[in-house]
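One structure is given here, and the rest of the page talks about it.
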Amino acid sequence: MKHARFLGMITYRSPTEWNKRFGRKLIQNIAEGADLFGNRFQIQDYLKRRSDDFISDFDPNSYLYLSNAIDAFDFAEDSHDIGKRKLQILTLIEF
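If you're matching positions, the sequence shown starts at 5 in the working numbering and goes up one per residue.
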């Protein structure tokens, strides 16, 4: 779940935003003898902390309930034709 959160965070924000916020800034004051393959960049540290916070605050079973609710929901059930005709969604997708 930690890796899913990490992946989710890097995909729902644009590369432009990540570069603006973090670029290739190194973590200041890395301890002498720290893990060579550990977090060296601020972005790594940020994503790790957010992922750790997420798994400590969020019950994994919640995803099962949300997934089940999404699967069971049927917008077209009971023919909500009037509502569908009036529904207009403006969407902006950045690549």
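All residues carry an ideal CB built from backbone N, CA and C; glycine is no exception.
Item	Value
On the three-state DSSP scale, how would you describe residue 45?	strand
Measuring CA to CA, which of 75, 67 and 58 is closest to residue 9?	58
Let me know if residue 55 comes out buried or exposed under the rule of 16 or more other beta-carbons within 10 Å of its beta-carbon.	buried
Which word fits residue 51, buried or exposed, when buried means at least 16 other C-beta atoms lie within 10 angstroms of its C-beta?	buried
What are the residues that DSSP puts in a beta bridge with residue 30?	45
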